[in-house]
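Written out below as structure tokens is the structure these notes cover.
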């Protein structure tokens, strides 16, 4: 019997997790990873911390280097290699300038996502950067250090984290957001706290649309529908889109535009799988297909795809979509849906917003602002928080949402009381009690 | 119709939560609280922080003062009042030196717990203190400040937290523990980390039994089966026992020695309820009756007892027994059972112990040591951790245990990745993956 050939397109979190898993379960199989950059297991989540100087070596953005995967895990990694075409059982890649053909019995799309473009004039000017992959990190850092004025377009997670980083470098910074609040996935009560903190550190422009970038040799100005801003560097972070140029010719896409998969992470074609930011999976809260392009789901999707590709069975249950970030001293987190997202999904909702100290009253750890959203039957739909002690509450919230908990569970889960960091009536529990009232529970 | 009279014996967390709940649901009822000290809603969890000087005002150990409950919540609080006797529909209390009789239609025992005695010679000497209630806090602080040498007997939660406090005051401190490790409820791997940290700050004596206290007018020496230790102050923290002297004459006790209750927190006698540290309830992990004497369950038990006493229906589901503490820079937490506790309960167990950075590799937040225990079917039984980032993981663990999760849930819950505080493969997830191997899952 000939070797089973596995082709994995993309060497990021999902691709390398899948490759590693297959080699553990099927050491004799031939696992090839085709990666277009010079790096594998790249983790772009760290870019803002590299820019602000929390660590020095750009290579630390990769969990492991190529040699580790080759020698320790026996994975045949092809870097600087772009896959051009996929046909039944084979693919064409361009590698060191030459086209080569590889055979495959099973194939994984792990092609990730890329930064959305604004499609406005001047966005290809030198000095306009998109946070596409880790290669841009060095460029951003170099440019940021020598710039006087920086503009960031967008204030989603990446925008906010880049704003934190650039503001720590002491640069004059403007953040332009098209929505009426920063982190527009969050409800207004939560975003308002972030907004007032951002306004202390930078010039925040809300409800403004960028219409062009201007400059002779390089960017000098960002033009919006309301004003214009001088800059030496413009960072565009207005969301991402799945990398499916190659996949869409071969397999079906979901409504989200990402690759449709089943619970085994197999696509519409038998033997072809998809995992990570290019794949659509399942939202545990809404119980609908969803495109959840986040790092921990990507790694686990890679793991699950690897198990199934290796001929074992493992279902991927989906994710609740949990995120954590911060802006200076403010921690910010969300698990599940915000209220407006829940309403958009068709839920009839109740919500509670509480502001309380994060710790016992005699400690001075600051406030936490927390919002819990539930449906009329008491099913938890989402929890958002901003302030101090957010991480703990979001970990608890994620687990409850994952297990389809209701507000009674939120009330009764005996989260620990330890005066320096928590309260005997935890903010989560206080919010649950508020919801009891709104739901007519005793 | 005459007023319904409610008698609540004990004005701590459980008693005041119940009283408050009843007054919300039945504002016209007459709710009397009999409290033997001068304080209500006292929260002894804060004592170590008062001793070490994190806050100055002893009164801050009470969530609210007596007047607040009287004027804002309409509760008839009787402080400095000891209930002597309970009979059908009435009770005798001693109040301002006089015996008085009060009628009741519904009664709640919320008498709490008290520090265990060692029953050795000399333990009544001046300078030997038991952490019984918040009244002792001032005494401990005053004595600790003027002492040169302090001995703490016991290294459970209270012992460890008092050791943290006293060592911050710069006193020569000896901690004597009868077990072979500090925090003996934890497994050895976790306790070992704490042990080495404690040994840097104080003289830790393990596997030693205190046999006497000696001194002329006040304590001067603690005598053990192995040695003796000079001291100006000895703090005894060797566990607690439920205060049931009064209750045991009226209602049934459980195996634990605390008052037996059903899910409505009613005792063996109709109309008589029990809540807080004096009551036995239910362990959600073992699915057996258990005595879980902790602050957050006590408050919720008070709430539930109050709802049921007011004539509404609410079941108390029990608790997973979750605790969080710290010793200097080390956070320590546990939810559910340790491995040895699980074995004692008759489970066939598997466990995983992982040591990893708490954050992304390029942050320097230190290590977390985490142990997960499951049964052979993969049901989660307990999670313990020590190091950095413990609180977050314990919040997540508590929610999963509360919802009877298994190791697959632990693996798939999408805890958030945020490089400064967490990892893309969270320690919880790494431990789950280890358990997959041990359970023969792919």
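Chains as they are written, first to last, in our numbering: chain A, 393 to 834; chain B, 393 to 834.
Here a beta-carbon is modelled for each residue, glycine too, at the ideal position from N, C-alpha and C.
Cβ of residue 817(A) less than 8 Å from any chain B Cβ? By one-based count along the first chain, residue 817(A) stands at place 425. For residue 817(A), the nearest beta carbon of chain B is closer than 8 Å to its own beta carbon.
Suppose the cutoff is 8 Å on Cβ atoms and the five residues either side in sequence are ignored; what does the same chain contact list for residue 466(B) look like? Against the second chain, residue 466(B) aligns to sequence position 74. Within the same chain, Cβ atoms closer than 8 Å to the Cβ of residue 466(B) are found at 415, 419, 423, the five residues on either side in sequence being excluded.
Quick one: is residue 704(B) near chain A, going by C-beta distance under 8 Å? Along the second chain, read from residue 1 onward, the residue named residue 704(B) stands at position 312. Yes, residue 704(B) counts as interfacial toward chain A.
State the CB to CB distance for the pair residue 698(B) and residue 411(B), rounded to an integer number of angstroms; the pair is presumed to be in contact (CB under 8 Å). Here residue 698(B) refers to the residue found at position 306 when the second chain is read from its first residue. Here residue 411(B) refers to the residue found at position 19 when the second chain is read from its first residue. With a Cβ gap of about 7 Å, residue 698(B) and residue 411(B) count as contacting.
Check the C-beta distance from residue 512(A) over to residue 521(A) and give it rounded, since I have them as a contact under 8 Å. The residue you call residue 512(A) lines up with position 120 of the first chain. The residue you call residue 521(A) lines up with position 129 of the first chain. That belief does not hold up - the Cβ atoms of residue 512(A) and residue 521(A) are roughly 15 Å apart, past 8 Å.
Please identify, using Cβ separations under 8 Å, the residues of the region 612-640 of chain A that lie next to chain B, in order along the chain. Going along the region 612-640 of chain A in chain order, one finds no residue with a Cβ nearer than 8 Å to chain B.
If the cut-off is 8 Å on Cβ atoms, which residues from the region 753-774 of chain B count as contacting chain A, listed in chain order? If the cut-off is 8 Å between Cβ atoms, the region 753-774 of chain B has 753, 754, 755 near chain A.
Helix, strand or coil: how does DSSP classify residue 698(B) here? Stepping through the second chain from its first residue, residue 698(B) is reached at position 306. Under the three-state reduction of DSSP output, residue 698(B) falls in the helix class.
Considering only the beta carbon of each residue, do residue 602(A) and residue 510(A) sit closer than 8 Å? For this step, residue 602(A) is matched to residue 210 along the first chain. For this step, residue 510(A) is matched to residue 118 along the first chain. In this structure, residue 602(A) sits near residue 510(A), with a CB-CB distance shorter than 8 Å.
Have a look at 441(A), 689(A), 807(A) and flag the residue whose alpha-carbon is nearest the alpha-carbon of residue 688(B). Here residue 688(B) is taken as the residue at index 296 of the second chain, counted from 1. The candidate whose alpha carbon is nearest that of residue 688(B) is 807(A).
Under 7 Å, CB to CB, which of the residues in the region 427-447 of chain A have a partner in chain B? Listed by position along the chain: 435, 437, 438, 441, 446, 447.
For residue 606(B), which residues in the same chain have their Cβ closer than 7 Å to its Cβ, ignoring the five residues on either side in sequence? Against the second chain, residue 606(B) aligns to sequence position 214. Exclusion of the five residues before and after residue 606(B) leaves 514, 612, 613, 615 as the residues of its chain whose Cβ lies within less than 7 Å of its Cβ.
State buried or exposed for residue 494(A), treating a residue as buried only when at least 16 other CB atoms are found within 10 Å of its CB. Along the first chain, read from residue 1 onward, the residue named residue 494(A) stands at position 102. Result: buried.
Go to residue 788(A), then tell me how far its beta strand (DSSP E) extends in each direction, as first and last residue. Position 396 of the first chain holds residue 788(A). No beta strand (DSSP E) contains residue 788(A), which is instead part of the alpha helix (DSSP H) from 782-794.
Given a cut-off of 8 Å on the beta-carbon distance, is the pair residue 696(A) and residue 794(A) in contact? Translated into positions along the first chain, residue 696(A) becomes position 304. Translated into positions along the first chain, residue 794(A) becomes position 402. Not a contact, by the Cβ cut-off of 8 Å.
Given residue 755(B), which residues of its chain have a CB within under 7 Å of its CB, disregarding the five upstream and five downstream residues? In the second chain, counting from the first residue as 1, residue 755(B) sits at position 363. Only 811, 812 meet the Cβ criterion.
Where do the ends of the beta strand (DSSP E) carrying residue 625(B) lie? As a working note, residue 625(B) is residue 233 in the second chain. That run of the beta strand (DSSP E) goes 625-628.
Report the partner residues of residue 613(B) according to the DSSP bridge assignment. For the purposes of this step, residue 613(B) is identified with residue 221 of the second chain, where counting begins at 1. Beta-bridge pairing links residue 613(B) to 606(B), 622(B).
Hey, does residue 785(B) have any beta-carbon neighbour from chain A nearer than 8 Å? Along the second chain, one-based indexing puts residue 785(B) at 393. Output row for residue 785(B): interface = yes.
For residue 786(A), which option in 724(A), 817(A), 823(A) has the closest C-alpha, if you only look at C-alpha atoms? The sequence position of residue 786(A) within the first chain is 394, counting from 1. Out of 724(A), 817(A), 823(A), the CA that lies nearest to the CA of residue 786(A) is found in 724(A).
Supposed close pair residue 595(B), residue 730(B) - CB separation, criterion 8 Å: For this step, residue 595(B) is matched to residue 203 along the second chain. For this step, residue 730(B) is matched to residue 338 along the second chain. Going by Cβ atoms, the distance from residue 595(B) to residue 730(B) rounds to 26 Å, so no, they are not a contact pair.
Measuring alpha carbon to alpha carbon, tell me which of 706(A), 536(A), 571(A), 743(A) ends up nearest residue 801(B). Here residue 801(B) refers to the residue found at position 409 of the second chain. The shortest C-alpha separation from residue 801(B) is found at 706(A).
Any idea which residues DSSP pairs residue 774(A) with across the strands? Taking the first residue of the first chain as 1, we reach residue 774(A) at position 382. Answer is 728(A), 765(A).
Short CB-CB distance (under 8 Å) between residue 798(B) and chain A: Residue 798(B) sits at position 406 when you count from the first residue of the second chain. Interface residue (Cβ-Cβ distance to chain A less than 8 Å): residue 798(B) is not classified as such.
Nearest candidate by alpha-carbon position, reference residue 765(B), set 749(B), 734(B), 435(B): Taking the second chain and counting its residues from 1, one reaches residue 765(B) at position 373. Checked all of 749(B), 734(B), 435(B); the closest Cα to residue 765(B) is 734(B).
Let me check understanding here. Comparing Cα to Cα, which of 599(A), 552(A), 584(A), 587(A) lies closest to residue 571(A)? Indexing the first chain from 1 puts residue 571(A) at position 179. Taking only the C-alpha atoms, the option nearest residue 571(A) is 599(A).
Assuming residue 667(B) contacts residue 548(B) under a Cβ cut-off of 8 Å, what Cβ separation, rounded to an integer in Å, is found between them? Stepping through the second chain from its first residue, residue 667(B) is reached at position 275. Stepping through the second chain from its first residue, residue 548(B) is reached at position 156. Actually they do not touch by this definition, with Cβ atoms about 23 Å apart.
Return the residue from the list 719(B), 670(B), 825(B), 773(B) that minimises the CA-CA distance to residue 741(B). As a working mapping, residue 741(B) is identified with position 349 in the second chain. Taking only the C-alpha atoms, the option nearest residue 741(B) is 773(B).
Own chain residues within Cβ distance below 7 Å of residue 393(A), not counting five before or after: In the first chain, the residue the question calls residue 393(A) occupies position 1. Legend: pLDDT at residue 393(A) = 48, less than 50; position of this residue unreliable, no value from coordinates given.
When we look at the beta-carbon of residue 609(B) and count the other beta-carbons within 10 Å, is it buried (16 or more) or exposed? As a first step, residue 609(B) must be located in the second chain, where it is residue number 217. Burial call: exposed.
Can you confirm whether residue 734(B), when its beta carbon is compared against all beta carbons of chain A, has any partner nearer than 8 Å? Mapped onto the second chain, residue 734(B) falls at position 342. Cβ-Cβ to chain A under 8 Å: no for residue 734(B).
So, residue 402(B) versus residue 433(B), is the Cβ gap smaller than 8 Å? Position 10 of the second chain, counting from 1, holds the residue named residue 402(B). Position 41 of the second chain, counting from 1, holds the residue named residue 433(B). No, these two residues do not count as a Cβ contact at 8 Å.
Supposed close pair residue 626(A), residue 746(A) - CB separation, criterion 8 Å: Reading the first chain from its first residue, position 234 is the one you call residue 626(A). Reading the first chain from its first residue, position 354 is the one you call residue 746(A). Contact between residue 626(A) and residue 746(A) does not hold, since the beta-carbon distance rounds to 38 Å and is not under 8 Å.
Kindly say whether residue 396(B), judged by its beta-carbon, lies nearer than 8 Å to any beta-carbon of chain A. Within the second chain, numbered from 1, the residue matching residue 396(B) stands at position 4. Answer no: the Cβ-Cβ gap between residue 396(B) and chain A never drops below 8 Å.
Quick check: the Cα distance between residue 492(A) and residue 498(A), rounded to an integer number of angstroms? Position 100 of the first chain, counted from the start, is the residue given in the question as residue 492(A). Position 106 of the first chain, counted from the start, is the residue given in the question as residue 498(A). Whole-angstrom Cα-Cα distance: 18 Å.
Range covered by the alpha helix (DSSP H) that runs through residue 423(A): For the purposes of this step, residue 423(A) is taken as the residue at position 31 of the first chain. It is not in any alpha helix (DSSP H) - residue 423(A) instead sits in the beta strand (DSSP E) that spans 422-426.
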